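Structure, as structure tokens:
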Amino acid sequence: MKRYIVNNENTFNPGNHHEVHTIEHATQLRISSYTDLGYCNSSIEAKKKAKTYYWDADGCAICCPEAHEG
Ligand SMILES: [Zn+2]
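Plus 18 on top of the position in the sequence shown (first one is 1) and you've got this note's numbering.
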């Protein structure tokens, strides 16, 4: 299981989505404002949780490719 977050900012990606990242990738990207999604079995599950906060939540293409729609 990995820990996931959803970015509270939606301005750092081409589609202006609220992106779901692993906590490791969020740290690399220096994302400072995020909502913690806790530990999830998969990025798909993390995205479902993220959608309860942001309707447009999408998986990061790099760390959550299974959940990435673009
Ligand atoms: Zn990511």
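Using N, Cα and C, we set each Cβ at its ideal position, and we do this for glycine too. Note that this is a predicted model, so its numbers are computed, not measured.
Distances between the C-beta of I23 and the heavy atoms of ligand 1 are all 7 Å or more. Close CB contacts of N59 within its chain, under the 7 Å cut and outside five residues either way in sequence, are with M19 (chain order). In its chain, beyond the 5 residues on either side, I23 have a beta carbon closer than 7 Å to the beta carbon of D54. Rounded to the nearest angstrom, the gap between the Cα atoms of L47 and K67 is 21 Å. DSSP places H36 in the coil class of the three-state scheme, outside both helix and strand.
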